[in-house]
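Trainee: Numbering (the numbering used here), first residue to last: 3 to 371.
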Ligand code: NAD
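(1) When the Cα of residue 292 is compared with those of 7, 23, 10, which residue comes out closest?
(2) Regarding residue 26 and the ligand NAD, is the C-beta to nearest heavy atom distance less than 7 Å?
(3) Give me, in chain order, the residues of the same chain whose beta-carbon lies closer than 6 Å to that of residue 220; leave out the 5 immediate sequence neighbours on both sides.
(4) With a cut-off of 8 Å on the beta carbons, I'd call residue 318 and residue 327 a contact; round off their distance for me.
(5) Should residue 144 be listed as close to the ligand NAD, given that the test is whether its C-beta is under 7 Å from any heavy atom?
(6) Find out if the Cβ-Cβ distance for the pair residue 42, residue 9 is shorter than 8 Å.
(7) With distances taken Cα to Cα, identify the nearest neighbour of residue 105 among 114, 57, 61.
(8) In angstroms, rounded to a whole number, what distance separates the CA positions of residue 14 and residue 95?
(9) Quick one: does the C-beta of residue 295 sit closer than 7 Å to a heavy atom of the ligand NAD?
(10) Keeping to the same chain, check which residues put their C-beta closer than 8 Å to that of residue 151; ignore five residues upstream and five downstream.
(11) Quick check on residue 114: buried or exposed, where buried means 16 or more other Cβ atoms within 10 Å of its Cβ?
(12) Going along the chain, which residues of its own chain have a beta-carbon closer than 6 Å to the beta-carbon of residue 198, five neighbours each way excluded?
(13) Please look up how many angstroms separate the CB atoms of residue 355 and residue 344, rounded, as I've assumed it's under 8 Å.
(14) With a threshold of 16 other CB atoms inside 10 Å of the CB of residue 26, please say whether the residue is buried or exposed.
(15) Counting C-beta neighbours from all protein chains within 10 Å, is the total for residue 235 16 or more, i.e. buried, or is it exposed?
(16) Does the distance from the C-beta atom of residue 242 to that of residue 223 stay below 8 Å?
(17) At 3 residues or longer, and completely inside the segment 98-163: list those beta strand (DSSP E) runs for me, N to C.
(18) Could you round the C-beta distance between residue 249 and residue 237 to whole angstroms and report it? I think they count as a contact, below 8 Å.
(19) Sorted by chain position, which residues of the same chain lie with C-beta nearer than 7 Å to residue 147's C-beta, five sequence neighbours on each side aside?
(20) If contacts are defined as beta-carbon pairs under 8 Å, then residue 289 and residue 109 qualify, I think. What distance do you get, rounded to the angstrom?
(21) Excluding the 5 residues flanking residue 5 on each side, which residues of the same chain have their C-beta closer than 6 Å to its C-beta?
(22) Below 8 Å between beta carbons: does that hold for residue 331 and residue 305?
(23) Under 7 Å from any heavy atom of the ligand NAD, does the C-beta of residue 2 make it?
(24) Can you list, in chain order, the residues of its chain with a C-beta nearer than 7 Å to that of residue 84? Leave out the 5 residues immediately preceding and following it.
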């Protein structure tokens, strides 16, 4: 990697614990910059509740402009009790995240469900099922399906209240998300489990046929198809056998939460929302922790920064093509967990573990790089 390489990052820390954990992610990126000889230019902008307070809107135009000029968006989280009484359309999450997803065409949501071997007690799943840890990546289609299909209707017909949502997928939409899943599997354990309901839904038939066609381009990747109801069971029964789970929007919404729950600790889980691939195969993306602003612990300096730091690692992998640096961050996180460092959310007092705050956890991860 040449030392002249510069990556622009729009840094949108947001509300609550957002700025606290973002500080640690930037700290880690600074270490990566030194070690790998790249330059990161951070453009910090307001988003969410703090942007409403200071600029009158959750997504100010200068924030969007900074995102447009950047190679990726590193996002904290937005919202909190202070803004909960605003009309729904003005609330931080709806007024900031959804427009960003739409504006940048972020069609692929990647959520790793990772449980380190030393943290399996945080999972509600039977210990013998996750012994040795597990590592699943959910690749969820984010801009199609029954959430966006037209017509939508709620009203009266023939003297009765009726609701209509339309489940619709175009072949091209399935193809592009399948490529993301197979591409990700190539860098992992080379298995894709595709989710549908092809026994009942025409959408499922198109989904399955299209995934099988895309699979031919990735002969090294094994494909398995599961109906969504069976997948919900198998994830609990044999979580370690999954690698990449490829799902349409609705089913992925549900299954990715199930995977997060199996992993146990929200403060550990990152996510990426990717736009269309460029010629380089890299994507513009928005990278954020799976959790929210954690108002109950905000301002105390005790939040777990790992989800934000792992989100930065995903950014390096998917937007900047820095696989080695991303792996180094993943390894550093695993290293500090193996060393016994724990923030409050993952601390159980077991022997050999030490309770640390946000800054100490961030420093320990940076020091391992
Ligand atoms: P939350 O994820 O903020 O908190 C749920 C629980 O998990 C809390 O006990 C919290 O302390 C804990 N937690 C979450 N992240 C943690 C971390 N990094 N370290 C330690 N503990 C952590 O969910 P919530 O309480 O339902 O929502 C709080 C606010 O966040 C709401 O305003 C909600 O709208 C917003 N929210 C924003 C996003 C986003 O910006 N993408 C996502 C979810 C929720």
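Think of the CB as a built atom: it goes at the ideal place given N, C-alpha and C, for glycine as much as any other residue.
Since this is a predicted model, take the numbers as computed values, not measurements.
Mentor: Here's the rundown:
(1) Within the chain shown, the letter at position 290 stands for residue 292. Residue 23 is the option with its Cα nearest to residue 292.
(2) One-based indexing of the chain shown puts residue 26 at position 24. Answer for residue 26: no, Cβ out of range of the ligand NAD.
(3) The residue labelled residue 220 in the question sits at position 218 within the chain shown. The answer, listed in chain order, is 184.
(4) The residue given as residue 318 occupies position 316 in the chain shown. The residue given as residue 327 occupies position 325 in the chain shown. For a cut-off of 8 Å, the C-beta gap from residue 318 to residue 327 is around 5 Å, short enough to register as a contact.
(5) Here residue 144 refers to the residue found at position 142 when the chain shown is read from its first residue. Because no heavy atom of the ligand NAD lies under 7 Å away, the Cβ of residue 144 does not count as near it: no.
(6) Here residue 42 is taken as the residue at index 40 of the chain shown, counted from 1. Here residue 9 is taken as the residue at index 7 of the chain shown, counted from 1. One thing to note: residue 42 has its Cβ within 8 Å of the Cβ of residue 9.
(7) Translated into positions along the chain shown, residue 105 becomes position 103. Checking every option, the nearest Cα to that of residue 105 belongs to 61.
(8) For the purposes of this step, residue 14 is identified with residue 12 of the chain shown, where counting begins at 1. For the purposes of this step, residue 95 is identified with residue 93 of the chain shown, where counting begins at 1. Taking the straight line joining both Cα atoms gives about 13 Å.
(9) Residue 295 sits at position 293 when you count from the first residue of the chain shown. At least one heavy atom of the ligand NAD is nearer than 7 Å to the Cβ of residue 295, so yes.
(10) For this step, residue 151 is matched to residue 149 along the chain shown. These residues qualify, in order along the chain: 167, 168, 169, 170.
(11) Within the chain shown, the letter at position 112 stands for residue 114. Under this definition residue 114 is a buried residue.
(12) The residue given as residue 198 occupies position 196 in the chain shown. These residues qualify, in order along the chain: 206, 209, 210.
(13) Counting from one through the chain shown, the residue named residue 355 turns up at place 353. Counting from one through the chain shown, the residue named residue 344 turns up at place 342. That pair is a contact at about 5 Å.
(14) As a working note, residue 26 is residue 24 in the chain shown. Answer is buried; the Cβ neighbour count reaches 16.
(15) As a working note, residue 235 is residue 233 in the chain shown. Residue 235 is exposed by the Cβ-count criterion.
(16) The residue you call residue 242 lines up with position 240 of the chain shown. The residue you call residue 223 lines up with position 221 of the chain shown. Cβ atoms of residue 242 and residue 223: not closer than 8 Å.
(17) 110-117, 136-143, 155-159
(18) Numbered from its first residue, the chain shown carries residue 249 at position 247. Numbered from its first residue, the chain shown carries residue 237 at position 235. With 8 Å as the limit, residue 249 and residue 237 do not qualify as a contact, their Cβ atoms being about 11 Å apart.
(19) Here residue 147 is taken as the residue at index 145 of the chain shown, counted from 1. So the qualifying residues of the chain are 169, 171, 250, 251, 252.
(20) In the chain shown, counting from the first residue as 1, residue 289 sits at position 287. In the chain shown, counting from the first residue as 1, residue 109 sits at position 107. About 15 Å separates the two Cβ atoms, so there is no contact after all.
(21) Position 3 of the chain shown holds residue 5. Reliability fails at residue 5, whose pLDDT of 48 lies under 50, so the model's placement of it is uncertain and the value that follows must be treated cautiously. Around residue 5: 39.
(22) Mapped onto the chain shown, residue 331 falls at position 329. Mapped onto the chain shown, residue 305 falls at position 303. The answer is no: Cβ separation not under 8 Å.
(23) In the structure as shown, the chain starts at 3 and stops at 371, and residue 2 therefore has no counterpart that could be examined.
(24) Locating residue 84 in the chain shown gives position 82, counting from the first residue. 51.
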